[in-house]
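Residue numbers (my numbering): -3 to 305. All residues carry an ideal CB built from backbone N, CA and C; glycine is no exception.
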């Protein structure tokens, strides 16, 4: 009988202890209910208005494309930013930088020195050494990288997507008239390349054998040839910037489209997703592990915006 009472008391005490821990955690961290996502400004009055990428450690890289002047962007910098919005480094001496990507060895790649006829893929080593690893005809615009450190590069003025292997081999992965105007690029979970056409607002899938299929067209967003700025993919869902209409779109791989964020006004106002404003959202990338979007703004005072999904 004594043993039974002792065991029962132990169970009661243990349960009470767990209950107390639960109460404490609730007090410290809230009631456990995830709040509705909002748009947050990490950096305001920010010159970086171009492509955005996130490396394996969660650091963010934002290109200062600047404005189109003569045959390329006027910007000269890429900024490295912490997830909390602190500028950690400024890479200077570039020419109209666009897409960026970081490999597993710490090398940063930049689509640089584009002049609408050809552009360079620049590699910046951790020690700062720079080397052009490829020159691509057309206007190589954005890039993404896979787990094996292969780069995939879209092209704005040529109908191509290039692959650059870890060893530096340059391959034309796809060549199709529908790809001219390509900017936003990312990979899905199967390794298919997803490309968005800046001019037409079409989103395509390119399989490993080069087969191209249309995923979706985001309707009624193209104004003066400004359609989709950039894209990112999380868990096979595409997130795209409507650069001319001030919205962020969510697109499924089967073509369903919805507005994720923005109220259509060109402004920098934080708040609930559909109440907040964006000023011509352009670059977009994501931390795929924390499901966090980072967005650059092409006009206005400039800013780095954040959405925690």
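Open item on the list: According to DSSP, residue 268 sits in a beta bridge with which residue or residues?
Closed with: 34
Open item on the list: Going by DSSP in three states, residue 173 sits in which element: helix, strand or coil?
Closed with: It is helical.
- [ ] With a cut-off of 8 Å on the beta carbons, I'd call residue 199 and residue 234 a contact; round off their distance for me.
- [x] 6 Å
Open item on the list: Could you pull the DSSP bridge partners for residue 256 from this structure?
Closed with: In the DSSP output, where bridge partners are listed per residue, residue 256 has none listed.
Task: Counted within 10 angstroms of its Cβ, other Cβ atoms place residue 302 as buried (16 or more) or exposed - done: buried
TODO: Please confirm whether residue 39 and residue 299 have their CB atoms less than 7 Å apart.
DONE: It is a contact, given that the beta carbons lie within the stated cut-off.
- [ ] Within the same chain, show all residues whose beta-carbon is closer than 7 Å to that of residue 42, passing over the 5 residues directly before and after it, in chain order.
- [x] 298, 299, 300
Open item on the list: Is the beta carbon of residue 275 closer than 7 Å to that of residue 263?
Closed with: yes
TODO: Using beta-carbon positions only, say whether residue 194 and residue 179 come within less than 7 Å of one another.
DONE: yes
Open item on the list: As an exercise, report each continuous beta strand (DSSP E) stretch of at least 3 residues that is fully enclosed by the stretch 117 to 186, in chain order.
Closed with: For the stretch 117 to 186, whole beta strand (DSSP E) runs of length 3 or above, ordered along the chain, are 126 to 133, 136 to 141, 147 to 151, 156 to 160, 166 to 171, 178 to 183.
- [ ] Please look up how many angstroms separate the CB atoms of residue 211 and residue 247, rounded, as I've assumed it's under 8 Å.
- [x] 7 Å
Open item on the list: Using DSSP's beta-bridge definition, name the partner residues of residue 222.
Closed with: 219
Open item on the list: On the CB-based measure, 16 or more other CB atoms within 10 Å of its CB, does residue 61 come out buried or exposed?
Closed with: buried
Open item on the list: Judging by CA-CA distance, which residue of 226, 126, 153 is the nearest neighbour of residue 334?
Closed with: Outside the displayed span of the chain (-3 to 305) sits residue 334, for which this structure offers no information.
Open item on the list: My parser needs the beta strand (DSSP E) runs of 3 or more residues fully inside the stretch 45 to 86; what are they?
Closed with: 48 to 50, 56 to 59, 74 to 77
TODO: Could you check the C-alpha separation between residue 250 and residue 192 for me, to the nearest Å?
DONE: Each residue's alpha carbon lies about 15 Å from the other.
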